[in-house]
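Student: Sharing a structure with you now.
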Amino acid sequence: MTRKASPTIALFPEASFGAALNCVGIAQALRAKGARPVFICHAGFSGVFADYGFQEYQLPTDEPLSDSERQSYWQAFVRRHLPHFRLSPIDQLETYVAPTWQAIVDTAVNAEAPLRQLLARLKPDAVVLDNVIMFPAIAAAGCPWVRVVSCAETELPDAEVPPYLSGMGADDPQRAAFEARYLSASAPAHDRFNRFRVDAGLAPLPKGLFLESSPDLNLLLTPTIVRRERAEPLDPQRFVYLEGCVRSEGPFEVPVFPRNKGPLVYVAFGSLGAMDVGLIERMLAVFDRLPARFIVNVGGLRDAYRAVPDNVYLDAWFPQPSVVAKSDLFIHHGGNNSFCEALRFGVPSLIMPYCWDGHDNARRAEETGTGDHIGRDGWTEGVLERAILGLLADDAMRARLRDNAARMALQPGTDVAAQAILSLIRT
Amino acid sequence: MQAAARRPRTNHLDLAQRILDVARQRGFEPGARLPEQQIASLCNVSRTPVRAALSLLAERGVVRWQADTGYHLAVDLTAQSAISAELPAAEEDELAEAILRDRSARRLDQTVTAAGLMRRYSAERKTVLKALNKLTEENLLDRAPGQSWLFRRAPDDPEAQGESYEFRLLLEPAAILTPGFRLDGARAAALRQGMDALSALPDAAFDTREFQRLDMDFHGMIAEGCANRFVADALADHLRLRRLPGIYAGVNVFRLRQSLLEHLNILDHLESRQYEVAADLLRIHLRLSRNQRPQAASRGAPALFGMISRPE
Chain B
4 MTRKASPTIA
14 LFPEASFGAA
24 LNCVGIAQAL
34 RAKGARPVFI
44 CHAGFSGVFA
54 DYGFQEYQLP
64 TDEPLSDSER
74 QSYWQAFVRR
84 HLPHFRLSPI
94 DQLETYVAPT
104 WQAIVDTAVN
114 AEAPLRQLLA
124 RLKPDAVVLD
134 NVIMFPAIAA
144 AGCPWVRVVS
154 CAETELPDAE
164 VPPYLSGMGA
174 DDPQRAAFEA
184 RYLSASAPAH
194 DRFNRFRVDA
204 GLAPLPKGLF
214 LESSPDLNLL
224 LTPTIVRRER
234 AEPLDPQRFV
244 YLEGCVRSEG
254 PFEVPVFPRN
264 KGPLVYVAFG
274 SLGAMDVGLI
284 ERMLAVFDRL
294 PARFIVNVGG
304 LRDAYRAVPD
314 NVYLDAWFPQ
324 PSVVAKSDLF
334 IHHGGNNSFC
344 EALRFGVPSL
354 IMPYCWDGHD
364 NARRAEETGT
374 GDHIGRDGWT
384 EGVLERAILG
394 LLADDAMRAR
404 LRDNAARMAL
414 QPGTDVAAQA
424 ILSLIRT
Chain F
1229 MQAAARRPRT
1239 NHLDLAQRIL
1249 DVARQRGFEP
1259 GARLPEQQIA
1269 SLCNVSRTPV
1279 RAALSLLAER
1289 GVVRWQADTG
1299 YHLAVDLTAQ
1309 SAISAELPAA
1319 EEDELAEAIL
1329 RDRSARRLDQ
1339 TVTAAGLMRR
1349 YSAERKTVLK
1359 ALNKLTEENL
1369 LDRAPGQSWL
1379 FRRAPDDPEA
1389 QGESYEFRLL
1399 LEPAAILTPG
1409 FRLDGARAAA
1419 LRQGMDALSA
1429 LPDAAFDTRE
1439 FQRLDMDFHG
1449 MIAEGCANRF
1459 VADALADHLR
1469 LRRLPGIYAG
1479 VNVFRLRQSL
1489 LEHLNILDHL
1499 ESRQYEVAAD
1509 LLRIHLRLSR
1519 NQRPQAASRG
1529 APALFGMISR
1539 PE
């Protein structure tokens, strides 16, 4: 049996930057190995992948929002949820997690018909799904499908692994209470999703689960240094760990600062976190008095800032892997891509999570000595200052992370992913 | 080129840089003679300042003096960044750059005063005023009432970037299609050489600043080739805003490489005088260059384009 010369791999990331850019890394490696990676993208994400040289197929939607409707949606979204991001993980279950699951179910329902049509037309040799929910059209596509677990490892439940989105340790006495509240909060969306699955010809999933493991291949980003022991180990034939999955970006030239001395700290909370202008402003006041240089991703809200300190540089977008590679500390929201990039380049993480698996990665950074975390609410200037200076001064952590980064560099996750995906394809 | 020639610069550093620009545009190679009269004519100045500027370049090793034949070019001008580094910047130029850099990083508000800048940069009043005048001349600043100046809006947020591309889509193809368009052949050849050299670099060594220089020069060449002076001036003013720090941030190397190929394709058609095709290709190039990245995205939410106001 031989492999097709140039198999078509359809990558379908969810409409978030983490999954999208993670898949760009895999697609770059697939292209380097002679495959033809193409992207299926949600409305609004077309153009993102073309800029990296990949063909895109946008899923048509019945009721596309106008630009002004999208802006209204986001104004309302931010007004509603910014206060929720200051709550504990358990208190976010009803306020943020439950409505988000409802919205995610909507995306799956709306995408189903156009996705079936598109896959029938594309006839890919494999589909790579980087999402937190299943699309029945993928199971019916007639080719192998790959699940990318680009969230924290907690997305795959296990008795020895803390509950997904909890930010807990594995043996936390409140574990059962969290799990019960999670199941209760997600039940309405889950019931609706299961009815949709059955209608679409798929078996319902157990409570709390929205995405099954692929029978063909499942890729986990989790690097060894933060990996957990499982009560039921994952089958290595179907579950492949990637040691991160970092895309290749162009070089980054560190800007000149008026106060141009000290270690370099990169701050990025993702596009959603960048909307928390009040929090970033409070942080800038602390940065102003620290002997370091700070590069801060503020998304499209640069004009919201005034009198930015001389050791701070703001911009709307950075080639993040290239910036992290030159940084001494990475302050982020615990997004799994950010955490993996920090580990890949041997940089300590200071995690300030606001939702989802950011809580899980924040806890894991502390547990594994790969960084530290502080809550978004209740921190004082002294707490933030001590956390930053403490991590910058921790030579032992830095040396350990550097050794680990060298090991991760030996086997790039993007290559491992591409190889594993291509191994599924035979003619 | 005409637009710049209409506003000759006076200080020797500016003129030295101008001589290098002209030599590059004309495709001068190392060893080429630089007759004072020809340089003076090309730069639209008298011979006296040219002599001083050439002397400055000779001190830096960029040109060489020979008693019998005069000044000769001593370096390869396609290595632009290296040459720029050879030239010291005047105090007011350095200050102007610092002002732009600090505005881009929002260390300075949209309105600045001379007194405020003197304090911030520990600079003398005359230096600050020279820097402000330079930026005002370049249409980056406007004089406001009292001793204050107002930064013009730069295409550095999604909304302004969109407007900038719409403006360029209207005028840049029109610049080519207006009867009388004239391509500066030597400048086109130097640009082609620079773009080929940059394309040959591996991703890890790709020089974004060199891309910015070539991009500015390419689009500037089209603007300046336009026979309609008002179109040329409007474009030159607008393209100058793209020189500001941070404008090119966030574009990935793949797209920049594509952009170079598109430039070369347009150049092919300009050189063969297929102006309608060149204008169409330029339109496509501008559309492809417009950043499509959403401003915000989150699980289950529709991606956001355009601006969102500061959340309270």
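Chains as they are written, first to last, in our numbering: chain B, 4 to 430; chain F, 1229 to 1540. We put the CB at the ideal spot given by N, CA and C, even for glycine. For clarity, every value in this text was computed on a predicted model and none was experimentally measured.
State yes or no: is the beta carbon of Pro254 (chain B) nearer than 8 Å to at least one beta carbon in chain F?
Tutor: True, the Cβ-Cβ gap to chain F drops below 8 Å.
Student: Between Thr37 (chain B) and the rest of its own chain, which residues show a CB-CB distance below 8 Å, the 5 nearest in sequence each way excluded?
Tutor: Looking at the sequence shown, residue 37 (chain B) is not Thr but Gly. Closer than 8 Å at the Cβ level, and outside the excluded window around Gly37 (chain B), lie Ala8, Ser9.
Student: Step through the CB atoms of chain B and report whether any lies within less than 8 Å of the CB of Ala1310 (chain F).
Tutor: Here Ala1310 (chain F) scores only 48 on pLDDT, less than 50, and its place in the model is too uncertain to base an answer on.
Student: Buried or exposed: which applies to Ser1269 (chain F), given that a residue is buried once 16 or more other Cβ atoms fall within 10 Å of its Cβ?
Tutor: It is exposed - the Cβ of Ser1269 (chain F) has fewer than 16 other Cβ atoms within 10 Å.
Student: Strictly under 8 Å for the Cβ-Cβ distance: is Met1229 (chain F) near chain B by that measure?
Tutor: In this prediction, Met1229 (chain F) has a pLDDT of 36, which is less than 50 and means its spatial position is unreliable; what the coordinates show is noted afterwards. Chain B, which has no Cβ nearer than 8 Å to the Cβ of Met1229 (chain F), makes this no.
Student: For my contact list, Ile136 (chain B) and Ile107 (chain B) are in at a C-beta cut-off of 8 Å; report their separation, rounded to the angstrom.
Tutor: Correct: roughly 5 Å between the Cβ atoms.
Student: For a quick check, are the C-beta atoms of Ser251 (chain B) and Asp1431 (chain F) less than 8 Å apart?
Tutor: Their beta carbons are under 8 Å apart, which means Ser251 (chain B) touches Asp1431 (chain F) by this criterion.
Student: When we look at the beta-carbon of Ser1526 (chain F) and count the other beta-carbons within 10 Å, is it buried (16 or more) or exposed?
Tutor: Classification for Ser1526 (chain F): buried.
Student: Would you kindly check if the distance between the Cβ of Asn407 (chain B) and the Cβ of Ile228 (chain B) is under 8 Å?
Tutor: In contact: Ile228 (chain B) and Asn407 (chain B) (Cβ atoms closer than 8 Å).
Student: Using a 10 Å radius around the Cβ and a threshold of 16 neighbouring Cβ atoms, would you call Ala142 (chain B) buried or exposed?
Tutor: The residue in question, Ala142 (chain B), is buried, as its Cβ has 16 or more Cβ neighbours within 10 Å.
Student: Please report the distance separating the alpha-carbon of Ser1309 (chain F) from that of Ile377 (chain B).
Tutor: Annotation note: pLDDT 49 at Ser1309 (chain F) (below 50); position unreliable, no value reported.
Student: Kindly list the residues whose CB is nearer than 7 Å to the CB of Pro1263 (chain F), restricted to its own chain and excluding five residues on each side of it in sequence; keep chain order.
Tutor: Excluding residues within five positions, the ones whose Cβ falls inside 7 Å are Gly1298.
Student: Put Trp320 (chain B) into one of helix, strand or coil per three-state DSSP.
Tutor: Note: Trp320 (chain B) maps to coil in three-state DSSP.
Student: Using the beta-carbon of each residue, which ones in chain B are nearer than 9 Å to Arg1483 (chain F)?
Tutor: Chain B residues near Arg1483 (chain F): Ala53, Asp54, Tyr55, Gly56.
Student: Just to confirm the assignment, what range does the beta strand (DSSP E) spanning Arg1558 (chain F) have?
Tutor: One cannot answer for residue 1558 (chain F) here, as it falls past the ends of chain F, which runs 1229 to 1540.
Student: When you compare the region 51 to 63 of chain B with the region 15 to 33 of chain B, are there three or more beta-carbon pairs, one atom per stretch, that lie closer than 8 Å?
Tutor: Segments in contact, yes.
Student: Going along the region 293 to 316 of chain B in order, which residues come within less than 8 Å of chain F, judged by CB to CB distance?
Tutor: The residues in question are Gly302, Gly303, Leu304, Arg305, Asp306, Ala307, Tyr308, Arg309, Ala310, Val311, Pro312, Asp313, Val315, Tyr316.
Student: Taking only three categories from DSSP, how would you classify Pro10 (chain B)?
Tutor: In the structure shown, Pro10 (chain B) sits in coil (DSSP, three-state: anything other than H, G, I, E or B).
Student: Checking 8 Å against the spacing of the C-beta atoms, do Asn339 (chain B) and Gly21 (chain B) come in under that value?
Tutor: Cβ distance < 8 Å, so Asn339 (chain B) and Gly21 (chain B) count as in contact.
Student: Kindly list the residues whose CB is nearer than 7 Å to the CB of Pro1473 (chain F), restricted to its own chain and excluding five residues on each side of it in sequence; keep chain order.
Tutor: Excluding residues within five positions, the ones whose Cβ falls inside 7 Å are Leu1328, Arg1329, Ser1332.
Student: In angstroms with no decimal places, state the Cα-to-Cα distance between Ala1433 (chain F) and Ser352 (chain B).
Tutor: So the two alpha carbons sit approximately 28 Å from each other.
Student: Okay, do the region 1461 to 1471 of chain F and the region 1496 to 1505 of chain F touch, 3+ Cβ pairs below 8 Å being the bar?
Tutor: Touching, no, given that fewer than three Cβ pairs across the two stretches are closer than 8 Å.
Student: If we ignore side chains and look at the alpha-carbon of each, how far apart do Arg1471 (chain F) and Thr157 (chain B) end up?
Tutor: Between Arg1471 (chain F) and Thr157 (chain B), the C-alpha separation is close to 47 Å.
Student: Check whether chain B comes within 8 Å of Thr1436 (chain F), counting only Cβ atoms and requiring the distance to be less than that.
Tutor: It does: the Cβ of Thr1436 (chain F) has a partner Cβ on chain B nearer than 8 Å.
Student: For Phe1458 (chain F), count neighbouring C-beta atoms within 10 Å of its own C-beta (all shown protein chains included) and say buried if the count is 16 or more, exposed if not.
Tutor: Exposed is the call here.
Student: Give the residues of chain B in contact with Gln1440 (chain F), contact being defined as C-beta atoms less than 9 Å apart.
Tutor: Correct list: empty, because the minimum Cβ distance to chain B is about 11 Å.
Student: Helix or strand or just coil, what does DSSP make of Glu17 (chain B)?
Tutor: Coil at Glu17 (chain B), not helix or strand.
Student: Give me the subset of the region 1460 to 1487 of chain F whose CB atoms are less than 7 Å from a CB atom of chain B, sorted by chain position.
Tutor: Residues Gly1474, Ala1477, Gly1478, Asn1480, Val1481, Phe1482, Arg1483.
Student: If you compare alpha carbons, which of B:Val289, B:Tyr308, B:Leu427, B:Ser153 is closest to Val386 (chain B)?
Tutor: Minimum Cα distance to Val386 (chain B) is reached at B:Val289.
Student: So is Pro1383 (chain F) in contact with chain B if we call contact Cβ pairs under 8 Å?
Tutor: No - not a single Cβ of chain B is within 8 Å of the one on Pro1383 (chain F).
Student: Measure from the C-beta of Asp109 (chain B) to each C-beta in chain F and report whether the shortest distance is under 8 Å.
Tutor: Yes, because at least one Cβ of chain F sits closer than 8 Å to the Cβ of Asp109 (chain B).
Student: Looking at chain B, which residues of the region 1318 to 1338 of chain F have a Cβ within less than 8 Å of any of its Cβ atoms?
Tutor: Here the close residues are Ala1326, Arg1329, Asp1330, Ala1333, Arg1334, Arg1335, Asp1337.
Student: What residue does the beta strand (DSSP E) around Leu353 (chain B) start on, and which one ends it?
Tutor: Counting along the chain, the beta strand (DSSP E) containing Leu353 (chain B) begins and ends at 352 to 354.
Student: If the cut is a Cβ gap below 7 Å, which residues of chain F does Thr103 (chain B) touch?
Tutor: Those within 7 Å of Thr103 (chain B) in chain F are Arg1527, Gly1528.
Student: Consider the Cβ of Gly372 (chain B): report whether some Cβ of chain F lies at a distance smaller than 8 Å.
Tutor: For Gly372 (chain B), the answer is no, since every Cβ of chain F falls outside 8 Å of its Cβ.
Student: What residues of chain B sit near Arg1521 (chain F), judged by a beta carbon separation below 8 Å?
Tutor: Correct list: Gly50, Val51, Asp54, Trp320.
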